[in-house]
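For reference, the structure discussed in these notes is given below.
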Amino acid sequence: MDLESWAGSIELDTPAGRLLKKLIAALPKEREFEITVFGSAPIQICVDSALTSADVDVFSDSEDLREFVDRFGLGQDRSEFYIQVSSQLNFRASPLWRARAKSVRIDNCILHFPHPVDILIAKLNRLYEKDLEAFRVVLRKTGHPTEAELIHELQMAVDLFRPSFEEEQGHDMANNCRRLWPLIYGREIDPRTEIIAPALKKRREGYGEPTRDYKQELRVELGDAPPR
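Numbering of the sequence shown is given in this note's numbering, commencing with residue 124 and proceeding in unit increments.
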């Protein structure tokens, strides 16, 4: 699958890009920073500069990045268009996302921009109206992801379909796929039979395991039935 053909190019002369450059210009120069940009900003920067967002979501291994953002007046409390410093745990995307992210160095900072497909997969965790708009924008600009492409990528990220922990706000990937498909692809989808079960079958085959009742195994993995 040729994901590179619709990855887009990094265009920092956009609202999100200019805000990131403002942050980088203010960061101390005696050390290196690596910052990953997620949410809607990578789509604005790499696909369609007209896509708007209230903030720029980022995460970094630099634990004091939030402190710098607040100090420079770039956080939510000081600016209408602001930088939201999050945890990498907030970016729930394909395990393949790092290998296909685009990166650019500005001074002593490296910015990483996940591929649009990984941004869209992460948006499926919540699928608010703004997330649906991101799907529409990317499809309108690039013609991707096709149904087949998104199904394949979701199979490769099948663990995102596991139930949420009791302690966290639940996000139902399967149900969000059921919401997305009619709106974007014009048909209904059964995520269990078209995404989850085929992915589990591939996983078992990769382990060299014998054929099983994969429907029962699927119910167990999703917590719908006790193991036999």
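Just so it is clear, CB atoms sit at the ideal spot from N, CA and C, and this is done for glycine as well.
I need the boundaries of the beta strand (DSSP E) containing Val179, first residue and last residue. Within the sequence shown, residue 179 is the residue found at index 56, counting from 1. Segment 178-183, the beta strand (DSSP E) holding Val179.
Tell me the DSSP bridge mates of Ser226? Taking the sequence shown and counting its residues from 1, one reaches residue 226 at position 103. Paired residue(s): His235.
Looking only at its own chain, which residues have a Cβ that is under 6 Å from the Cβ of Phe284, when we skip the five neighbours before and after it? Mapped onto the sequence shown, residue 284 falls at position 161. The answer, listed in chain order, is Met296, Ala297, Ile319.
Rounded separation between Ala149 and Ser172 - CA only: Taking the first residue of the sequence shown as position 1, residue 149 is located at position 26. Taking the first residue of the sequence shown as position 1, residue 172 is located at position 49. Spanning the two alpha carbons is a distance of roughly 24 Å.
Taking the DSSP output, what are the residues bridged to Phe156? The residue you call residue 156 lines up with position 33 of the sequence shown. For Phe156, DSSP records a beta bridge to Cys232.
Excluding the 5 residues flanking Leu188 on each side, which residues of the same chain have their C-beta closer than 6 Å to its C-beta? For the purposes of this step, residue 188 is taken as residue 65 along the sequence shown, with counting starting at 1. Excluding residues within five positions, the ones whose Cβ falls inside 6 Å are Val208.
What separation, rounded to the nearest whole angstrom, lies between the Cα atoms of Arg352 and Phe236? Outside the displayed range of the chain (124 to 351) lies residue 352, so it cannot be described from this structure.
Residue nearest to Glu157 in terms of C-alpha spacing, selected from Ile233, His267, Asp180: By 1-based counting over the sequence shown, the position of residue 157 is 34. Cα-wise, what sits closest to Glu157 is Ile233.
Beta-carbon within less than 8 Å of Val281's beta-carbon, same chain only, minus the 5 sequence neighbours each way: which residues are those? Here residue 281 refers to the residue found at position 158 of the sequence shown. Only residues of its own chain outside the window of five on either side were considered, and among them Ile318, Ile319, Ala322, Leu323, Arg326 have a CB closer than 8 Å to the CB of Val281, listed in chain order.
Chain-order list of residues whose beta-carbon lies under 7 Å from that of Ser185 (same chain, five-residue window excluded): Against the sequence shown, residue 185 aligns to sequence position 62. These residues qualify, in order along the chain: Phe156.
With DSSP as the reference, label Gln199 as helix, strand or coil. One-based indexing of the sequence shown puts residue 199 at position 76. Note: Gln199 maps to coil in three-state DSSP.
Measuring alpha carbon to alpha carbon, tell me which residue in Leu262, Ala177, Ala130 is nearest Leu142. Within the sequence shown, the letter at position 19 stands for residue 142. Nearest option by C-alpha distance: Ala177.
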